[in-house]
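Colleague: Please see the structure below; I have some questions.
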Amino acid sequence: MNAFTPSEEQDLPLSGSTGVHRRTVLRLGAAGGLGAALLAARGFGGPVLAEKGLLSLDGAFAASSTTLGDLLFYVEAFPTSPLILSPFSDLLPIPKALAPVPASTFSTWAKPPGPGVGQQNSFGSEQHQIWPSKIGYPDPIVYKIDLLLRTHSFTTSQVLPIDANGKPTASFDAFGATYAAGTKRWLPMSTIYGFNGTFPGPRINAEYGKPCLVRFENHLDENPLGLDRQDFGSPDWSFLTHLHNGHTAPESDGNPHYCMTYGPKSTGYGPQTFCDNLYLNWPAGGDDREKQSFFWFHDHRMDHTGSNVYKGMVGLYPIYDPKNGMDMGDETKGLRLPGVRHDNPDGSFDVDYDVPLAFYDCRLDDGVTTHQDVHDGMGEFPAAKNPATHPEWWGKTFYKHFPNHGFVGDIFTVNGTAYPVMEVKRRKYRFRFLDASLARIYEFKLMASTQGPKSSASLGYGGDELEGQYRIPDGQQCMQFTQIASDGGLLPFALRRDSFELWPAKRREVIVDFTRYQDGTPTTKGDVIYLTNVMKMPNGRMWASSSRFSPDPNYKVPVLKFVIGDDVPDNSLVPQPGQLLRQLPPLPSNWQSLLDNRLIFEVERGSSSADVEWLINGTPFDPTHDGTSLKNPAGKTPPASQKVNSFNLWEIRNGGGGWVHPFHLHMEEHRVVMRNGKDVTKGGDPGHPDDVSREDLTALDPGESVIVYRGFRDFVGPYVAHCHNLAHEDHAMMFGWEITS
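Numbering (UniProt numbering), first residue to last: 1 to 741.
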C-alpha cells in the first residue's frame, strides 16, 4: 500500500505513462478540453492525431473532446466469441454453503477478529462501529475468504471459431500456432481473480439475528500457476468488497468514499492485507419489515470495479428469516416457500429446491481484435504492450475498459457456466435471480420448443444479432413466474408474471411450479423448458427490443435448460392472491410535504457526443467530498449528508441521451414514491412493478425521474451512490454522501 493522501493518490501518474493522470483525463473530458495530452501524444494516440492534423507542435492535442471522441473514444471493435457447439450439456453448478471458521482456529490468528480498536483491518486503523453485543446479538460467525489468482472454464464443449458474419475463421493458441478456419477447438482456461479462487465465489447462507464476520484477505500477488494476467483487473491487484446492499457500517461497506479517506486511505486493500467486514444481519432500525432475502458481494475498487467483477469477484449471500419460522429455508414452516433445509455438522446449512442463479455475459478473445483503450495507452498494463492483438489469448475472456456505452458480452452464462442444463424434480422451486453482468439487462420468459436451439449463425444472423449464440425460433411461453421478492426482500404480495426484467445488480426471486404448464396441462418426465432471454441489447446504452419497447418476436435466446425429472415430496405453497408476505414499512402521511426540500441528483454524460466521462450534477466522483444536490423547489442546494436516524426524499434523474441507468444507493433500501411526476405509492408503475416494494437499485428508463423515500439509520460515516452500469461507475458516475451524528 502507499502512503499518499487520497487527493494525492487519485491523481498520481500511472505506471509507465508520460505524466497523464486518469482522473485528470476525466476532468478534462468534463470540461470539453481534451487538448492537454490525453494519451500523452508521444504514445498511443500520437501518429493518428498527427495524420489528422490534430497534434500541435508541443505535443498537446489541438482538438475538441467531441472530435477526439469520434477519433479515439472510441473505435469499439469487439471480438466474436467462438461458437459453443454443444450447449445445454454442462450441468448447472449450484454453490454449496461455505463453512464457517471454528473459534479454535480464528482465535489463533496473528490478528484475530474482534471489537477492539484496530481490529477491523490489517492496518490496525479502524474499529467496528457496532459490535453485535451492542444490539443484544451474539458474537459473529466467522468466515475467511481469500482473493486468489486462478483459472475458470465456461464450458466443456468444443467450440468453432467464427467471425462477425458467423462464418468459420482461423484461430490461435498460446504457443504461436494458427489453426485453419473450420477447426474445432477446446477453449483454454480463462484467468480470474476469484473469492477463494472460484467464479462465482462462495455462497454464505446467512440468517437474521446471527451476525457474520468475513475476513477478506488479498493474495492476488501470488501466482502459483504462472498465469498470464492479461490486461484487465485492478493493476495494483487491490480489492474492495461490498455486500450489496447490506445494512452495514461504512468500514464494512466496501465503498471507495470510505476507503479513500479511512482505513487503507487508498483505492482498495492491496496484496497481503485484509479487512474484516462485519455483517450484523440486523434490519435497518431493528424493524422486521426492513428484512431482505438475497444479497451478493462483489468488488468495488475505485476505477476498476467493472474489470474486477468481470474478472470474477462475485459471491452469493442469501439471507433467511428464522423469526417465527417465517422464511428459514423450511417449507413446512412460516410462509412455506420452497426449500428443504439441511443443517451441516460444520455449522453451515444448505437448502434444496432454493437455487441462486447468477447471470453474467462475457466475450472471448478472437486473437485478431486490437486491444486498445485509454488505460492501455496510459501504461496501466505495460506487459500487454497495447495497442496490439493478442493471439496468445485466443479463447480467454476479452475486456474493454472504456467502451462508450458499457461492456456487453455475446456468451450468456449462469453460475459461471455457458448454457447449462438443470434437471428439476416435478415440484415447486424457488429461484434467486441475480444480474452480475456489467451492463446487460435481461428479460426472462419460460418457453417450450419442439425443434430446440439453433445457432444464430446457422439462421443467417451476423454482427450484434449473434449475441447469445443460440435461439429457439419456435419458442412459446409455457409457464409463468410467481415473483415473491425483489432486491429489497419479500414483496408485500406475490406477483404473477409472464416475464420480468433483470437489471445489473438487481435481484428477483420467483417460484416456478414444474408440475404443470400455464394452461393446466401436467408436465411429464423428460419435458424440456428453456429459461429464455427476450431482451435484445447490442450495447450497454439500452435495449433494442423488449416486451415493453418494440418487441422482436425472433429474439428468443435460451439461457438455461430445465429437464423435468421424477416426482418428489413437496410441502411448499405458492402464495395466494392477497396473501401478505412482508408488510411494507409505513410512509409518513405527509411525505408530499417533503417534496420541496428533496435532494436532486441528475446522471448524465460528460460531453456532447464523446462519452468521455459520466457525471452526476455535472461533477465527477471526488472521494474526498460529498455530493451536492441541484437546486430544489425550495431554492436550496443541500449537501448529500443526512442526520443519523433521519428520513428524506431523494430524486434521481436520468439526464437523457438515450441511455438507461441502474442507479444504486448504498446502505438502506428505498421506496419509489413518484416516477415521472406520478404518485406510484398506490399501484406502482406498469413498466416497473417493483416500485411497490423496497429496492436498493432504481431502474431509470431514458429521460426518467424517480423520487424515493429512504432512511439513514443506525450508522454514521461516508457512503456512495452510483450507476451500476460499471463502465459508468468506473468513469465517475458516482457521488459520496454521509450520515452524520
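For glycine and all other residues, C-beta sits at the position ideal for the given N, C-alpha and C. As the structure is a prediction and not an experimental result, all values here were calculated from the model.
(1) State yes or no: is the C-beta of T155 within less than 8 Å of the C-beta of L187?
(2) For Y461, list the residues DSSP reports as bridge partners.
(3) To the nearest angstrom, how far is the alpha carbon of P47 from that of K385?
(4) Express the C-alpha separation of S293 and R336 in angstroms, rounding to a whole number.
(5) Verify whether the separation of the beta carbon atoms of V574 and K454 is less than 8 Å.
(6) From the DSSP secondary-structure annotation, give me the bridge partner or partners of F712.
(7) Looking at the secondary structure, which residues open and close the beta strand (DSSP E) in which Y320 lies?
(8) Go ahead and pull the three-state DSSP assignment for P93.
(9) Exposed or buried, L49, counting other C-beta atoms within 10 Å across all chains shown (16 or more means buried)?
(10) State buried or exposed for Q480, treating a residue as buried only when at least 16 other CB atoms are found within 10 Å of its CB.
(11) Out of curiosity, what's the CA-to-CA distance linking G655 and H661?
(12) With H, G and I counted as helix, E and B as strand and the rest as coil, what does DSSP make of Y208?
(13) Compute the Euclidean distance between the alpha carbons of residue 811 and G197, then round it to the nearest angstrom.
(14) Using DSSP bridges, identify the partner residues of R675.
(15) With a threshold of 6 Å on Cβ separation, who are the neighbours of D474 within its own chain once the five nearest residues in sequence on each side are excluded?
(16) One question on the structure: do residue 767 and H304 come within less than 8 Å of each other, judged by their Cβ atoms?
(17) Assign F44 to buried or exposed, taking buried as 16 or more other Cβ atoms, counted over all protein chains shown, within 10 Å of its Cβ.
(18) Looking only at its own chain, which residues have a Cβ that is under 7 Å from the Cβ of G334, when we skip the five neighbours before and after it?
(19) Do you know how far the Cα of D685 is from the Cα of V644?
(20) Enumerate in chain order the residues of its own chain whose CB-to-CB distance from G687 is below 6 Å, with the five nearest sequence positions on each side excluded.
(21) Starting from N277, follow its DSSP beta bridges and name the residues at the other end.
(22) For N676, count neighbouring Cβ atoms within 10 angstroms of its own Cβ and tell me buried if that reaches 16, exposed if not.
(23) For a test of the three-state rule: what should DSSP assign to G717, helix, strand or coil?
(24) May I ask which residues mark the beginning and end of the beta strand (DSSP E) holding V101?
(25) Rounding to the nearest angstrom, what Cα-Cα distance links H722 and F175 in this structure?
(26) On a CA-only basis, which of W737, Q579, L491, S550 is nearest T628? Give me that one, please.
(27) Spatial neighbours of S81 within its chain, please: C-beta separation below 6 Å, excluding the five flanking residues on both sides.
(28) What did DSSP end up calling F359 once you bin it into helix, strand or coil?
(29) Based on Cα-Cα distance, which residue from K396, H401, G395, D373 lies nearest to A388?
(30) Taking the C-alpha atoms as reference points, what is the distance between A505 and Y208?
(31) Go through its chain and collect everything with a Cβ distance to D321's Cβ below 7 Å, but skip five positions before and after it.
(32) Kindly indicate the opening and closing residues of the alpha helix (DSSP H) around V660.
(33) Residues in the same chain with beta-carbon distance under 6 Å from D221, minus the five sequence neighbours each way, listed in chain order, please.
(34) Does DSSP put T105 in a helix, in a strand, or in coil?
(35) Flag this pair as yes or no: are the beta carbons of V421 and G565 separated by less than 8 Å?
(36) S589: buried (16+ other C-beta within 10 angstroms of its C-beta) or exposed?
Modeller: The structure says:
(1) The answer is yes: Cβ separation under 8 Å.
(2) Paired residues: none, contrary to the question.
(3) The pLDDT assigned to P47 is 38, lower than 50, so where the model puts this residue is not dependable; a value taken from the coordinates is nonetheless given after this. Taking the straight line from one Cα to the other gives about 16 Å.
(4) Their Cα atoms are separated by approximately 15 Å.
(5) Cβ atoms of V574 and K454: not closer than 8 Å.
(6) DSSP lists S646 as the bridge partner or partners of F712.
(7) Here the beta strand (DSSP E) through Y320 covers 314-320.
(8) In the three-state reduction of the DSSP assignment, P93 falls in the coil class.
(9) Low per-residue confidence applies at L49: pLDDT is 36, beneath 50, and the placement is therefore not dependable, though the value from the model is reported in the following sentence. That one is buried.
(10) Buried, by the Cβ-count rule.
(11) Taking the straight line joining both Cα atoms gives about 10 Å.
(12) DSSP places Y208 in the coil class of the three-state scheme, outside both helix and strand.
(13) Look at the range of the chain in this structure, 1 to 741, and you will see that residue 811 is not part of it.
(14) Note: R675 sits in a beta bridge opposite K678, V706.
(15) Close CB contacts of D474 within its chain, under the 6 Å cut and outside five residues either way in sequence, are with S449, T450, Q451 (chain order).
(16) Residue 767 falls outside the range modelled here, since the chain spans only 1 to 741, and no answer is possible.
(17) With a pLDDT of only 36 at F44, under the threshold of 50, the placement of this residue in the model should not be trusted; the figure read from the coordinates follows. Result: buried.
(18) Cβ contact annotation for G334 (same chain, cutoff 7 Å, sequence separation greater than five): N324, G325, M326, D327, M328, in chain order.
(19) If you take the alpha carbons of V644 and D685, they lie about 31 Å apart.
(20) Excluding residues within five positions, the ones whose Cβ falls inside 6 Å are R548.
(21) BP columns for N277 point to V214.
(22) Under this definition N676 is an exposed residue.
(23) Looking at G717 - three-state DSSP - the assignment turns out to be strand.
(24) V101 -> no beta strand (DSSP E), and no H or E assigned at all.
(25) Going from the Cα of H722 to the Cα of F175 covers about 42 Å.
(26) Taking T628 as reference, the option from W737, Q579, L491, S550 with the minimal CA-CA separation is W737.
(27) For S81, where only same-chain residues beyond five positions count, the Cβ hits under 6 Å are R363, L364, D410, I411.
(28) If DSSP states are grouped into helix, strand and coil, F359 belongs with the strands.
(29) Distances from the alpha-carbon of A388 to those of K396, H401, G395, D373 put D373 closest.
(30) So the alpha carbons of these two residues sit roughly 22 Å apart.
(31) The beta carbon of D321 lies closer than 7 Å to those of Y208, K291, D327, M328 in the same chain, with the five residues before and after it left out.
(32) No alpha helix (DSSP H) holds V660; DSSP gives it neither H nor E.
(33) Correct list, in chain order: W237, P271.
(34) DSSP places T105 in helix when its eight states are reduced to three.
(35) The beta carbons of V421 and G565 sit no closer together than 8 Å.
(36) Exposed, since its Cβ has fewer than 16 Cβ neighbours within 10 Å.
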